[in-house]
Amino acid sequence: MAKVKHNNFLDTVDEVITNATNAGVIHLHAEGDELNGRRITVNGNSLYHFGTTGYLGLEQDKRLKKAAINAIQKYGTQFPLSKTYISHPLYAPLEEKIFKMYEHPVLITKNSTLGHLAVIPTAVREGDAVILDHQVHWSVQSATEVLKSKGVTVRMIRHSNMEMLEHYIKDLRNKVNKIWYMADGVYSMYGDFAPLQDLMELSQKYPQLHLYIDDVHGMSWRGKHGSGYVMSVLKELPQNILLFGTLSKTFGASGAVLICPNEKLHKKIKNFGGPLTFSAQLEPASVAAAIASADIHLSPEIYDLQSDLELKINYFNQLLELTDLPLVHKNDSPVFYIGTGLPATGYNFVSKMMNAGFFVNLGLFPAVPVKNTGVRITISRHNELMDIKALVDAMSYYFPHAMEETHTDLTKIYHSFGIQKAEKNNALDSQIIELNMKYTTTIQQMDKNEWDTCFSGKGTFDWDGLNFIEKVFTNNNLQEHNWDFYYITIKDKEGKMVLAVSLTSALLKNDMLSNVNTSKIIEKMREENPYYMTDVVLSSGSVFSEGAHLFLDENNPLHIKSIRLFLEKLDQIKTQVGAKLIILRDFEKTNTLNTFLHEQGFISIDMPDACELTNLNWNDEDAYLNTLSKRSKKHFRKEVKAYESYFMFSIVEDPTLAQIDHFYSLFEQVWNNNLGINTFKFPKKLFIEMGKDPKWEFLVLSLKAEAKNSDNAIGVMFCTNSGDTYIPSLIGMDYDQNEKFNTYRQLLYKTIQRANELGFTKVDLGLSASFEKRKLGATLIPKLAYVQADDNFSLEALDWLRKD
């Protein structure tokens, strides 16, 4: 399998967000002449507001509003000067009051994002390491990107997985100075809490461990003086913790606050934190509102406000317990998450709730994994008890309708989130009435003619090709060389084929598609543990095949139902084999399933362009050259033809074991130099079976000066065929000789010559090295893969989805 492009993370997000925008559930505009916190008007409809993060409702408090208005009258709309030079008159009173709340040195920042950008590169030094929680806020993750350029190790753990955290601590403790674990105090999507007691025990066990906690969603509604969830648990701020709070959200004003454990670190961050030094300071109105809020926090009134919110949170929890709504994490924070699993279900449910008069937030990628889409509901003091009751009644009524209309059910949703509940799933039974699905685990049980009608000429997965692959990748000594195979066909009542697909589950490296530097680091770790960071992956096709692995008759009116039935079965197989990732591969970019697959919880990623050559049936080299552009002709003469006289070319169809050994050593050179496609090395058995199979042949290049026989080969192309297509599947080369004699280009040309000589109408040149192949006449076809990852799948494995 060729390397998937590291497509820009923004492109992936853009496609997901665009789908949600088109569904009318995000990028909305509030309307009206005023806001009161309880209701919000969208598209002309007045909705009960269950999406605010102002949990105590202080943003509507008259005292904060009055303070802001007075500040504008006295000091203007802004104080346009860096705070490093001078701060406006209200800053010092605010800092004094916030200090009283925490009794530790504080720094006020413009917002939490700029705060993290200022603090993290200052607090984390060269020689330290960072471990990020999977769900720590994006602003924290983004700020750590600066550290990587300094050589700081940055890793991720699965959400709140203390076992994985300790594993990384043990691995890093003898290599770095401080180890920073970065997490949220209260997580903004599920509303769950950081396991603070466990973290404190770990920090006592490993003194190198320092904690960096973003507690912006824990502020005000919990803790002494509203100092937040973290302080409510710890009571005192330990020396190994940096804590971020907010002056916006529940605090009701604007800005953020860093709480430092000591004056030394406080001074260093104040002096060296870039955004603190160079960015604008908070406007007088914002600071004045924050002062008014701080006065409330420092008074007994804050506890009355907290109690009022707690009553409403408890009431909401009590009502939810009487329903079947899939609450992902039960807690006593004001943030709740109702899982929908599929994005399509989330879009549908949010639309229904808005039509019914309730504004709720859609939780979607990248804030959560795609198949962990859901609805985030926040409870605030603005909400009346009767509003909360009406919300639960509406959700209970509309949620089953949303599931039915998007072809899902509670069992699937529970499964998506790992919730241990079960309900009978009749979805498959209802679809089988119109469709006949056949499922086997060997190609031997599939009709050869039927299968080849769908796949002949498309790649190494016609009937004979799959029979060959099954023979090679079973009954081997190493687990990575033993694959499981699955074949699905779906026909309509008349027996017409609607869908066919081959699938493989295999142990793959999590960094298979990561960048080369990442793989180099991980391979060092694999010297001690060869299976470090590996997981079972379920994919269409296999790492040995390329091409359109899914046959779908889109003219059949049942083709969408067939796809749904296939995805049902795919999910069952995934559970059965314990796969962490599903990959549906090699779709053309113009495919009509793109939006549908996104709604079913898949993310599209760019693959390298497929390379096909169809300008065959020429009689001589001059005729071949006439198929090339003027520039490509020049390249051919200079880089291919000029070296042809150095080589002796031969075709080996029945190689000796000695030849196989040599060919395999050439393949190993390619494999060793290709960490960008970091797979387990194919076994020698593959090449032995190629030598026995009449559909395989070896195109061999030797240097004439040294060539007595093919044992001295410096390049070999391993080729097969399917239908009218010639397929060079793998290559072996002496890398030193390639640099001298352009062996790779020579092999490409000899492959094209051989295909033409045998009368094939197409050469499938695969997905890699497209620049070289295009110069020899190949057409490039843009390709996509669709990926669906477990929530528990290691983030290192998905790093290539998130950034270039």
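Residues in the sequence shown are numbered from 425 upward in steps of one, following my numbering. Glycine residues also receive a C-beta, built at the ideal position from the N, C-alpha and C atoms. All of these numbers come straight from a predicted model, not from anything done at the bench.
Cβ neighbour criterion (16 or more within 10 Å) applied to residue i
{"i": "Ile-945", "result": "exposed"}
{"i": "Pro-1206", "result": "exposed"}
{"i": "Asp-959", "result": "buried"}
{"i": "Glu-847", "result": "Because Glu-847 sits at a pLDDT of 47, beneath the cut-off of 50, its placement in the model cannot be relied upon, and the following sentence gives the value as read from the coordinates. With fewer than 16 other Cβ atoms within 10 Å, it is exposed."}
{"i": "Arg-1055", "result": "exposed"}
{"i": "Lys-629", "result": "exposed"}
{"i": "His-591", "result": "exposed"}
{"i": "Met-936", "result": "buried"}
{"i": "Gly-883", "result": "buried"}
{"i": "Asp-1044", "result": "exposed"}
{"i": "Val-940", "result": "exposed"}
{"i": "His-453", "result": "exposed"}
{"i": "Ser-506", "result": "exposed"}
{"i": "His-451", "result": "exposed"}
{"i": "Phe-1087", "result": "buried"}
{"i": "Ala-1213", "result": "buried"}
{"i": "Thr-802", "result": "buried"}
{"i": "Phe-879", "result": "buried"}
Residue from the options whose Cα sits closest to the Cα of residue i
{"i": "Ile-1234", "options": "Met-778, Ser-775, Leu-786 and Ser-1089", "result": "Given that the chain is displayed from residue 425 to residue 1228, the structure contains no residue 1234 and the question cannot be resolved."}
{"i": "Phe-1020", "options": "Ser-986, Ile-893 and Thr-1051", "result": "Ser-986"}
{"i": "His-806", "options": "Met-586, Tyr-956, Phe-1104 and Leu-480", "result": "Leu-480"}
{"i": "Glu-858", "options": "Ser-1192, Asp-1044 and Ile-914", "result": "Ile-914"}
{"i": "Leu-991", "options": "His-831, Asn-467, Thr-476 and Leu-788", "result": "His-831"}
{"i": "Ser-757", "options": "Trp-645, Tyr-515, Glu-1181 and Leu-809", "result": "Trp-645"}
{"i": "Lys-1084", "options": "Lys-1057, Lys-1116 and Phe-1071", "result": "Note that residue 1084 is Ile in the sequence shown, not Lys. Residue Lys-1116 is the option with its Cα nearest to Ile-1084."}
{"i": "Lys-574", "options": "Ile-544, Glu-587, Ser-563 and Lys-594", "result": "Ile-544"}
{"i": "Gly-781", "options": "Pro-631, Pro-1079, Asn-469 and Ala-680", "result": "Asn-469"}
{"i": "Thr-1080", "options": "Glu-1092, Leu-743 and Phe-1111", "result": "Phe-1111"}
{"i": "Gln-1000", "options": "Ala-704, Ser-929, Gln-1170 and Ser-969", "result": "Ser-929"}
{"i": "Val-681", "options": "Arg-597, Ile-837, Leu-518 and Pro-750", "result": "Leu-518"}
{"i": "Asn-504", "options": "Ala-704, Tyr-1070 and Ala-516", "result": "The residue you asked about is not Asn; residue 504 is Pro in the sequence shown. Closest option to Pro-504, Cα to Cα, is Ala-704."}
{"i": "Asn-664", "options": "Asn-1050, Val-548 and Ser-678", "result": "Val-548"}
{"i": "Met-810", "options": "Glu-458, Thr-537, His-473 and Gly-1139", "result": "His-473"}
{"i": "Leu-1232", "options": "Ile-837, Ser-511 and Lys-524", "result": "No information on residue 1232 is available, as it lies outside the stretch 425 to 1228 that the chain covers here."}
{"i": "Glu-874", "options": "Met-827, Leu-923 and Glu-1121", "result": "Leu-923"}
{"i": "Thr-797", "options": "Ala-1202, Asn-1180, Asp-1158 and Val-440", "result": "Val-440"}
Separation of residue j from residue i, as counted between CA atoms
{"i": "Tyr-509", "j": "Glu-550", "result": "29 Å"}
{"i": "Asp-876", "j": "Pro-1118", "result": "18 Å"}
{"i": "Thr-898", "j": "Phe-1106", "result": "12 Å"}
{"i": "Gln-502", "j": "Pro-708", "result": "6 Å"}
{"i": "Thr-769", "j": "Glu-952", "result": "45 Å"}
{"i": "Lys-933", "j": "His-1022", "result": "25 Å"}
{"i": "Ala-1209", "j": "Ala-567", "result": "30 Å"}
{"i": "Lys-691", "j": "Thr-835", "result": "54 Å"}
{"i": "Ser-612", "j": "Val-560", "result": "9 Å"}
{"i": "Asn-1015", "j": "Asn-741", "result": "44 Å"}
{"i": "Leu-1008", "j": "Glu-625", "result": "43 Å"}
{"i": "Lys-1174", "j": "Val-961", "result": "35 Å"}
{"i": "Gln-855", "j": "Leu-1172", "result": "At Gln-855 the pLDDT is 48, less than 50, meaning the model places this residue with poor confidence; the figure from the coordinates comes in the next sentence. Distance between the alpha carbons of Gln-855 and Leu-1172 is about 47 Å."}
{"i": "Gly-478", "j": "Gly-676", "result": "7 Å"}
{"i": "Glu-660", "j": "Val-437", "result": "40 Å"}
{"i": "Lys-795", "j": "Asp-1010", "result": "21 Å"}
Identity of the residues DSSP links to residue i by a beta bridge
{"i": "Val-961", "result": "Ala-930 and Leu-1005"}
{"i": "Thr-1203", "result": "Glu-1036"}
{"i": "Asn-469", "result": "Val-466"}
{"i": "Gly-763", "result": "Gly-798"}
{"i": "Met-1031", "result": "Lys-1207"}
{"i": "Tyr-399", "result": "Residue 399 cannot be examined here, being either before or after the span of the chain that is shown, 425 to 1228."}
{"i": "Ser-1126", "result": "Met-1072"}
{"i": "Ile-1151", "result": "Thr-1144"}
{"i": "Lys-1108", "result": "Its beta-bridge partners do not exist; DSSP assigns none."}
{"i": "Ile-581", "result": "Asp-557"}
Residue i at chain C interface by Cβ criterion, 8 Å
{"i": "Thr-832", "result": "The chain inventory of the structure shown lacks chain C, comprising one protein chain alone."}
When the Cβ atoms of the segment 493-506 are set against those of the segment 717-733, are three or more pairs found closer than 8 Å? Between the segment 493-506 and the segment 717-733, the count of Cβ pairs shorter than 8 Å is below three; the stretches do not touch.
Would you call the segment 1148-1163 and the segment 1177-1196 touching, i.e. three or more CB-CB distances under 8 Å? Yes, since at least three Cβ pairs between the segment 1148-1163 and the segment 1177-1196 fall closer than 8 Å, the two stretches touch.
Could you tell me whether the segment 1153-1172 touches the segment 1062-1073, using the rule of 3 or more Cβ pairs below 8 Å? The segment 1153-1172, when compared against the segment 1062-1073, does touch it at the 8 Å Cβ threshold.
Does the structure place the segment 809-823 close enough to the segment 764-781 that three or more beta carbon pairs sit under 8 Å? Yes, the segment 764-781 touches the segment 809-823.
Does the count of Cβ pairs from the segment 522-531 and the segment 723-738 closer than 8 Å reach three? In short, these stretches do not touch, since the Cβ pair count stays below three.
Using 8 Å as the Cβ pair cut-off and three pairs as the minimum, do the segment 892-909 and the segment 863-875 touch? Yes, since at least three Cβ pairs between the segment 892-909 and the segment 863-875 fall closer than 8 Å, the two stretches touch.
Counting Cβ pairs closer than 8 Å, one from the segment 572-581 and one from the segment 608-624, do we hit at least three? The segment 572-581 is not in contact with the segment 608-624.
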